[in-house]
Amino acid sequence: MLMQGSGKAARVHYLAGTFRLLSDGDHVICAMTGARIPLHELKYWSVARQEPYIDAETSLKAEAKASS
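FYI, in our numbering the residues of the sequence shown are 484 to 551.
Okay, here's the thing in structure tokens:
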């Protein structure tokens, strides 16, 4: 269940199109902004870098930064 570990950051393994919880929690932290992302709102991440992002714009910025 996604809501276990309320108030605690989850450890997540990011896969293509899905993710797998490695430890209970209810959120992750955006790799670029430091914003808290509730698991039920998590939509953007990098499989290669294993990083979550708050939104599409931030994901694109991370990709551009990694490519430079």
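By construction, the Cβ of each residue, glycine as well, lies at the ideal position given by its N, Cα and C atoms.
For LEU498, no alpha helix (DSSP H) encloses it; the enclosing beta strand (DSSP E) starts and ends at 494-498.
Non-local beta-carbon contacts of PRO521 in its own chain, meaning distances under 7 angstroms to residues more than five positions away in sequence, involve ASP509 and HIS510 in chain order. Linking LEU505 to SER551 through their CA atoms gives a straight-line distance of about 31 angstroms.
Inclusion of ALA499 and ALA545 in the CB contact set at 8 angstroms is not warranted, their separation being larger than that value. Looking at the DSSP output, ILE512 bridges to ARG519.
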